[in-house]
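Chemist: Taking the working numbering, the leading residue of the sequence shown gets 62, the next gets one more, and so forth.
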Amino acid sequence: MFRILDRYIFREIAKSWLAVTGVLLFILLTNQFARVLGDVAKDKLPRDAVFQVIGLTALQYLTILVPIALFLSVMLALGRLYRDSEMPAMMACRVGPSGVYRPLALLLVPLAVGVGWLAMDVGPRALMAIERIGAEARRQADLASIEAGKFTGDGADGAVVYVERVPRPGEVERVFLQRRTLDGSVEVVVADRGEQQETDDPNTRFFVLFDGRRYEGIPGTADFRVMEFAEHGIPYRLPAAEDIGRDPEAMSTMDLLTPETLEEAAEIHWRIGVPLSTVVLAILAVPLSRSQPRQGRYGRLAVGLMVFIIYFNLLSAGKAWIEKGSMPVAAGLWWAHGLMLLLAFALLAVQNGWHRRLRRRS
62 MFRILDRYIF REIAKSWLAV TGVLLFILLT NQFARVLGDV AKDKLPRDAV
112 FQVIGLTALQ YLTILVPIAL FLSVMLALGR LYRDSEMPAM MACRVGPSGV
162 YRPLALLLVP LAVGVGWLAM DVGPRALMAI ERIGAEARRQ ADLASIEAGK
212 FTGDGADGAV VYVERVPRPG EVERVFLQRR TLDGSVEVVV ADRGEQQETD
262 DPNTRFFVLF DGRRYEGIPG TADFRVMEFA EHGIPYRLPA AEDIGRDPEA
312 MSTMDLLTPE TLEEAAEIHW RIGVPLSTVV LAILAVPLSR SQPRQGRYGR
362 LAVGLMVFII YFNLLSAGKA WIEKGSMPVA AGLWWAHGLM LLLAFALLAV
412 QNGWHRRLRR RS
């Protein structure tokens with residue numbers, strides 16, 4: 062049975078967590094919305110997929126936001142209780158660390174399970190869906206993606222296109238095109254105008270140029286061939302749908318359980334570490350939030366943020382070391398979680414006098 066104090070502490074932490082999560086998510090999604098609109102303007106994403114991409118991105122953000130939001134909410138809520146002398150009054154009534162961790166666990170357990178589900182299942186599937194949307198948009202890109210006055214490169218065959226005007230979608234004027242052929246020669250085409258034409262093959266289109274010249278030869282030599290044309294069609298193949306299934310961040314957790322590369326091994330340790338870091342940060346936030354009465358609600362927040370940054374950097378460095386083979390895969394990221402847990406228990410021992418009791422007993 063939860064006591065009145067348990068419900069009170071739980072309510073304070075839960076309200077802070079909702080507020081912090083909402084603010085952080087709003088800031089990140091606002092920034093992401095601007096990026097998505099930029100990609101849509103460049104035809105890297107279809108216009109009708111804007112809100113779908115934003116929603117999928119929000120699911121990915123929650124994987125990181127839930128642990129840090131819980132950590133900050135515990136520090137903010139308990140910091141207020143210390144500032145208003147409510148926590149010292151509770152401690153005078155023999156409310157120890159267990160009296161804080163018990164209501165905290167009521168929020169921590171479902172959040173740890175939820176963020177574990179996000180990291181293990183929802184997040185990778187959301188990333189794969191975003192990559193598929195982007196790949197399909199790149200595959201369907203055509204002359205509409207060419208901007209007047211800018212050089213546009215095509216990674217498929219190394220072609221570079223420049224146009225002065227785009228009077229209508231699918232039509233261009235004053236065209237410059239350069240591409241390298243398989244035998245090492247360079248082909249340069251200049252034309253007054255051009256347009257795109259469909260073919261019977263859905264994977265092939267024609268870039269038809271009118272009233273221009275074609276220069277073909279090997280750079281550095283005088284052996285060039287020049288041709289004038291009234292109409293010249295250049296076939297080009299659409300890029301194949303990219304294979305994103307082997308991207309470790311987009312792979313399913315079941316596939317990562319038998320990793321074939323160091324990157325896959327690092328990714329599975331990272332995903333396991335997300336719910337673990339949620340628990341570790343919640344445990345660590347309780348002793349870090351302890352302050353003197355009237356010290357201020359945010360007196361310990363700077364210290365807490367510094368500890369979080371160190372913790373996150375240790376996890377990121379550990380993942381990079383696994384990917385490079387500098388650290389054994391079996392070590393994973395357990396050492397980083399262990400160091401933070403050791404710090405939390407050390408702070409609890411010092412603040413509650415456990416070390417003095419052990420000395421007396423010995």
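Glycine residues also receive a C-beta, built at the ideal position from the N, C-alpha and C atoms.
The alpha helix (DSSP H) with residue 336 in it runs from where to where?
Modeler: Unbroken alpha helix (DSSP H) run through residue 336: 323-349.
Chemist: Select from 139, 245 and 108 the residue whose C-alpha is nearest the C-alpha of residue 282.
Modeler: When each option's Cα is compared against that of residue 282, the closest is 245.
Chemist: Could you tell me which of 235, 267 and 163 sits nearest to residue 274, measuring between CA atoms?
Modeler: Minimum Cα distance to residue 274 is reached at 235.
Chemist: Residue 265 and residue 296 - do their beta-carbons sit closer together than 7 Å?
Modeler: Going by C-beta atoms, residue 296 is nearer than 7 Å to residue 265.
Chemist: From residue 152 to residue 70, what distance separates their C-alpha atoms?
Modeler: The straight-line gap from Cα to Cα measures roughly 13 Å.
Chemist: Hey, out of 405, 124 and 134, whose CA is closest to residue 80's CA?
Modeler: Closest option to residue 80, Cα to Cα, is 134.
Chemist: Please look up how many angstroms separate the CB atoms of residue 379 and residue 397, rounded, as I've assumed it's under 8 Å.
Modeler: About 5 Å separates the two Cβ atoms, so the contact holds.
Chemist: Hey, could you find the ends of the beta strand (DSSP E) residue 96 is sitting in?
Modeler: Here residue 96 belongs to no beta strand (DSSP E); instead the alpha helix (DSSP H) covers 65-102.
Chemist: Would you mind reading off the limits of the beta strand (DSSP E) that contains residue 265?
Modeler: Element bounds for residue 265: 265-278.
Chemist: Relative to the alpha-carbon of residue 404, which residue among 386, 343, 385 and 377 has its alpha-carbon at the smallest distance?
Modeler: Comparing Cα-Cα distances from residue 404 to each of 386, 343, 385 and 377, the minimum goes to 343.
Chemist: Name, in chain order, the residues that DSSP records as bridge partners for residue 290.
Modeler: Its beta-bridge partners are 273.
Chemist: Mind reading off the beta-carbon distance from residue 408 to residue 348? Whole number of angstroms is fine, and I expect it under 8 Å.
Modeler: With a Cβ gap of about 4 Å, residue 408 and residue 348 count as contacting.
Chemist: How long is the line joining the alpha carbons of residue 258 and residue 99, rounded to whole angstroms?
Modeler: One C-alpha to the other measures close to 27 Å.
Chemist: May I have the straight-line CA-CA distance separating residue 182 from residue 165, to the nearest angstrom?
Modeler: Cα to Cα, the separation comes out at about 25 Å.
Chemist: Pull up the distance between the alpha-carbon of residue 384 and that of residue 319, whole angstroms please.
Modeler: In a straight line, the C-alpha of residue 384 is about 15 Å away from that of residue 319.
Chemist: Quick check on the burial criterion: 16 or more other C-beta atoms within 10 angstroms. Buried or exposed for residue 255?
Modeler: That one is buried.
Chemist: For my contact list, residue 126 and residue 82 are in at a C-beta cut-off of 8 Å; report their separation, rounded to the angstrom.
Modeler: About 6 Å; that satisfies the 8 Å criterion.
Chemist: My parser needs the alpha helix (DSSP H) runs of 4 or more residues fully inside the region 105-159; what are they?
Modeler: For the region 105-159, whole alpha helix (DSSP H) runs of length 4 or above, ordered along the chain, are 111-144 and 147-153.
Chemist: For the alpha helix (DSSP H) that contains residue 253, what are its first and last residues?
Modeler: Here residue 253 belongs to no alpha helix (DSSP H); instead the beta strand (DSSP E) covers 247-259.
Chemist: For residue 236, write down the residues that DSSP places opposite it in a beta bridge.
Modeler: For residue 236, which the question treats as bridged, DSSP gives the partners 224 and 252.
Chemist: Where does residue 242 fall in DSSP's three states?
Modeler: Reduced to three states, the DSSP call for residue 242 is coil.
Chemist: In three-state DSSP terms, what is residue 361?
Modeler: Coil, per DSSP.
Chemist: Find out if the Cβ-Cβ distance for the pair residue 220, residue 240 is shorter than 7 Å.
Modeler: Contact: yes.
Chemist: If you draw a straight line from the C-alpha of residue 269 to the C-alpha of residue 290, how long is it?
Modeler: The alpha-carbon atoms of residue 269 and residue 290 are separated by roughly 11 Å.
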